[in-house]
Amino acid sequence: MAKAAPQLDTAALMQDVQRAMDDSAAVWQRYTCRLLTPMYGGGVEPGVVDRLMPIRATAIRGQLRAWWRLLNRRRTEYCREGKPDSALLFAAEREIWGGLGDEKTLAASKVVVRVEKMPQDLRLSPKDGTALGRMILSEAGTEVEWLSRRGPVEFVLALRIDAGGESILQALRMWASFGGLGARTRRGLGAVEVSDAQGDVLQATKDDWEAAGGTVGGMRDCFFDDYQSAVQAGVQKLIDFRQDAGLARGLGSGSRPGGSFWPEANAVRHLMRRARDKNRNVLDRAHPPPLLFPRALFGLPIVFQFKPDEKQGDPAPCALEVADDAEQRRDRFASPLIFAARRQVRGLKTCYQPIVLLLPTHRRLRAQGLKLKGSQRTVELAVGAWWPADADQRRAVTPAELREFADAKADILSTFLRYFQRGDK
Numbered sequence: 050m051a052k053a054a055p056q057l058d059t060a061a062l063m064q065d066v067q068r069a070m071d072d073s074a075a076v077w078q079r080y081t082c083r084l085l086t087p088m089y090g091g092g093v094e095p096g097v098v099d100r101l102m103p104i105r106a107t108a109i110r111g112q113l114r115a116w117w118r119l120l121n122r123r124r125t126e127y128c129r130e131g132k133p134d135s136a137l138l139f140a141a142e143r144e145i146w147g148g149l150g151d152e153k154t155l156a157a158s159k160v161v162v163r164v165e166k167m168p169q170d171l172r173l174s175p176k177d178g179t180a181l182g183r184m185i186l187s188e189a190g191t192e193v194e195w196l197s198r199r200g201p202v203e204f205v206l207a208l209r210i211d212a213g214g215e216s217i218l219q220a221l222r223m224w225a226s227f228g229g230l231g232a233r234t235r236r237g238l239g240a241v242e243v244s245d246a247q248g249d250v251l252q253a254t255k256d257d258w259e260a261a262g263g264t265v266g267g268m269r270d271c272f273f274d275d276y277q278s279a280v281q282a283g284v285q286k287l288i289d290f291r292q293d294a295g296l297a298r299g300l301g302s303g304s305r306p307g308g309s310f311w312p313e314a315n316a317v318r319h320l321m322r323r324a325r326d327k328n329r330n331v332l333d334r335a336h337p338p339p340l341l342f343p344r345a346l347f348g349l350p351i352v353f354q355f356k357p358d359e360k361q362g363d364p365a366p367c368a369l370e371v372a373d374d375a376e377q378r379r380d381r382f383a384s385p386l387i388f389a390a391r392r393q394v395r396g397l398k399t400c401y402q403p404i405v406l407l408l409p410t411h412r413r414l415r416a417q418g419l420k421l422k423g424s425q426r427t428v429e430l431a432v433g434a435w436w437p438a439d440a441d442q443r444r445a446v447t448p449a450e451l452r453e454f455a456d457a458k459a460d461i462l463s464t465f466l467r468y469f470q471r472g473d474k
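For the sequence shown, my numbering gives the first residue as 50, with consecutive numbering after it.
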């Protein structure tokens, strides 16, 4: 009689694997990570925190890879005739980070990411009405939960780097300074503090963000005792720049907000061919309002809603998106602005300064058309038509109270950077 095959002891096998990994600790670099601002989403279901696995190694690895790509696209060895060569960069990226393919082209990653000491017994709470809470858009009446930083939320990030060396560590510094966990990290959510084995906090340097083609602006003479307060102050500057009463829109009356000083609302009315009686003049085809959309450069899509004036003749909700191309449908454009805070030691005290990183990705959007999608019609906006190069045209549609921050080109992104840096304004 044949003997029964021995039963596989999976628990013992996992212990052996863990022991082997621990024995090879010399090849692993471990970093202690601490949540600094509430985390939103990050699970399998969009917008939902996974209580069992709130931190995903695959998500962190994906962010590190994206930062590596941005940091290295202009390196000499990945350029041809002085210009970035996507084929050379792709080959190098695949060599380090791996990629799918057949049995001949399948490439394994030489960067391994592992999350250890996963946070347990997490308690979620409803988002609040702070600047960070306002960055999470939801349907009216829908309760949105996030993982707050009440009580320490910490984990250990383990990296095994078999290729790429310093370029991987540079990507790690950028992720630690401008990345994060979950969704809406560009607006300050899910920020983490990353410390090495010696307890030193990782922070990106000027060389790091300039390698990515980025520019960093700090809010002058503004320092806070904690990270969250600092980043909220920075995000609030964006909210004010876009829609603060008296600055970017009229004062309104009672609970009714005033009309926007930016050109998008009247442009939407004209293009959708709908306007309430008070704004009927913007429908004049012979003398149209400026059909410009400068705030598209802050990120897309933008959803325009004219509540409660839809009933009075204004357009129904519509969305401004990236125009489709011949190959695929497009709609989104990630904001080139990333809000964070920089840790500084002033005397015996640790404090945080609000900062914003402007990435060069906005140049790609400027070379694309947009589309305005309504329930009844879609209007295409040609390249260069939705935000012209002419400085006089740009300055004319910038709200009057913000024109002092415009430079010679009067571009909206540089105007915002100057406004942001004037923290007292």
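We put the beta carbon where it would ideally sit given N, CA and C, even for glycine.
Note down, one range per segment and in chain order, each alpha helix (DSSP H) of at least 4 residues found wholly within the stretch 252-292. 255-260, 276-292
A240 beta carbon less than 7 Å from that of T464: Stepping through the sequence shown from its first residue, residue 464 is reached at position 415. Stepping through the sequence shown from its first residue, residue 240 is reached at position 191. It is not a contact, given that the beta carbons lie outside the stated cut-off.
Rank I404, K176, Q425, G307 by C-alpha distance to the C-alpha of R198 and give the top, closest one. Numbered from 1 along the sequence shown, position 149 holds the residue referred to as residue 198. For the options I404, K176, Q425, G307, the alpha carbon positioned closest to that of R198 is the one of K176.
By DSSP, does E192 sit in helix, in strand, or in coil? The residue you call residue 192 lines up with position 143 of the sequence shown. Coil.
Output needed for C43: all residues of its chain with C-beta closer than 7 Å, excluding positions within five of it in sequence on either side, in chain order. A query on residue 43 cannot be resolved here, the shown segment of the chain reaching from 50 to 474 and no further.
Is the separation between the beta-carbon of W146 and that of M223 shorter than 7 Å? For the purposes of this step, residue 146 is identified with residue 97 of the sequence shown, where counting begins at 1. For the purposes of this step, residue 223 is identified with residue 174 of the sequence shown, where counting begins at 1. Cβ atoms of W146 and M223: not closer than 7 Å.
Could you tell me the boundaries of the beta strand (DSSP E) in which E429 lies? Taking the first residue of the sequence shown as 1, we reach residue 429 at position 380. Start and end: 427-430.
Do three or more CB pairs link the stretch 127-145 to the stretch 224-235 at distances below 8 Å? no
Using three-state DSSP, classify F310 as helix, strand or coil. By one-based count along the sequence shown, residue 310 stands at place 261. DSSP places F310 in coil when its eight states are reduced to three.
Compare the beta carbon distance of V28 and A180 with 7 Å and say whether it is the shorter of the two. Here the chain comprises residues numbered 50 to 474, so residue 28 is not present and cannot be evaluated.
Can you grab the Cα-Cα spacing for the pair A459 / P437, in whole Å? Taking the sequence shown and counting its residues from 1, one reaches residue 459 at position 410. Taking the sequence shown and counting its residues from 1, one reaches residue 437 at position 388. Distance between the alpha carbons of A459 and P437 is about 11 Å.
Does the beta-carbon distance from N328 to R344 come in below 7 Å? In the sequence shown, residue 328 corresponds to position 279, counting from 1. In the sequence shown, residue 344 corresponds to position 295, counting from 1. No. Outside cutoff.
Can you tell me where the alpha helix (DSSP H) with W146 in it begins and where it stops? Position 97 of the sequence shown, counted from the start, is the residue given in the question as residue 146. It spans 135-146 - the alpha helix (DSSP H) in which W146 sits, taken as one unbroken run.
DSSP three-state assignment for P350, whether helix, strand or coil: What you label residue 350 is simply residue 301 of the sequence shown in a count that begins at 1. Note: P350 maps to coil in three-state DSSP.
Do three or more CB pairs link the stretch 100-113 to the stretch 163-173 at distances below 8 Å? yes
Can you give, in chain order, each stretch of the alpha helix (DSSP H) that sits fully within the stretch 153-222 and has at least 4 residues? 180-183
Please report the Cβ distance between L238 and G248, rounded to the nearest whole angstrom; I am assuming they are in contact, meaning their Cβ atoms lie under 8 Å. Against the sequence shown, residue 238 aligns to sequence position 189. Against the sequence shown, residue 248 aligns to sequence position 199. L238 to G248, Cβ: 26 Å. No contact.
Within the continuous alpha helix (DSSP H) that includes S302, where are the two ends? By 1-based counting over the sequence shown, the position of residue 302 is 253. Where S302 is concerned, there is no enclosing alpha helix (DSSP H), given that its DSSP letter is neither H nor E.
Provide the residue(s) that pair with V243 in DSSP beta bridges, ordered along the chain. Within the sequence shown, residue 243 is the residue found at index 194, counting from 1. V243 pairs with C82.
What are the start and end residues of the alpha helix (DSSP H) that includes F465? Start at 1 with the first residue of the sequence shown, and residue 465 comes out as number 416. Unbroken alpha helix (DSSP H) run through F465: 461-470.
With A212 and E144 assumed to form a contact (beta carbons below 8 Å), what rounded beta-carbon distance in angstroms separates them? Translated into positions along the sequence shown, residue 212 becomes position 163. Translated into positions along the sequence shown, residue 144 becomes position 95. About 7 Å; that satisfies the 8 Å criterion.
Which value, in whole angstroms, describes the spacing of the CA atoms of R379 and A220? As a first step, residue 379 is located in the sequence shown; it is residue number 330 there, counting from the start. As a first step, residue 220 is located in the sequence shown; it is residue number 171 there, counting from the start. The straight-line gap from Cα to Cα measures roughly 28 Å.
Pick from P339, A455, S158 that is closest to R110, judged by C-alpha positions: Counting from 1 along the sequence shown, the entry for residue 110 is found at position 61. R110 has its Cα closest to that of S158, out of P339, A455, S158.
In the DSSP assignment, the beta strand (DSSP E) including L238 goes from what residue to what residue? Taking the sequence shown and counting its residues from 1, the one referred to as residue 238 is at position 189. No beta strand (DSSP E) contains L238, which DSSP labels as neither H nor E.
Under the rule that 16 or more other beta-carbon atoms within 10 Å means buried, what is P133, buried or exposed? Position 84 of the sequence shown holds residue 133. Label assigned to P133: exposed.
Selection from G301, G178, G299 that minimises the alpha carbon distance to E192: The residue you call residue 192 lines up with position 143 of the sequence shown. For the residues G301, G178, G299, the minimum Cα distance to E192 belongs to G178.
Proximity to I351 [Cα-Cα], best of K422, A440, F454: Taking the sequence shown and counting its residues from 1, the one referred to as residue 351 is at position 302. When only C-alpha atoms are compared, the closest one is K422.
Euclidean distance between Cα positions of T427 and G148: Numbered from its first residue, the sequence shown carries residue 427 at position 378. Numbered from its first residue, the sequence shown carries residue 148 at position 99. Our two residues, T427 and G148, have alpha carbons roughly 38 Å apart in a direct line.
Per-residue burial, A313 [other beta carbons within 10 Å of its own, 16 or more giving buried]: Mapped onto the sequence shown, residue 313 falls at position 264. The amino acid at residue 313 is misidentified as Ala; the sequence shows Glu. E313 should be labelled buried.
Cβ distance (whole Å) where R381 is taken to contact L349 below 8 Å: Here the question's residue 381 lines up with position 332 in the sequence shown. Here the question's residue 349 lines up with position 300 in the sequence shown. At roughly 6 Å, the Cβ-Cβ gap stays under 8 Å, so R381 and L349 are in contact.
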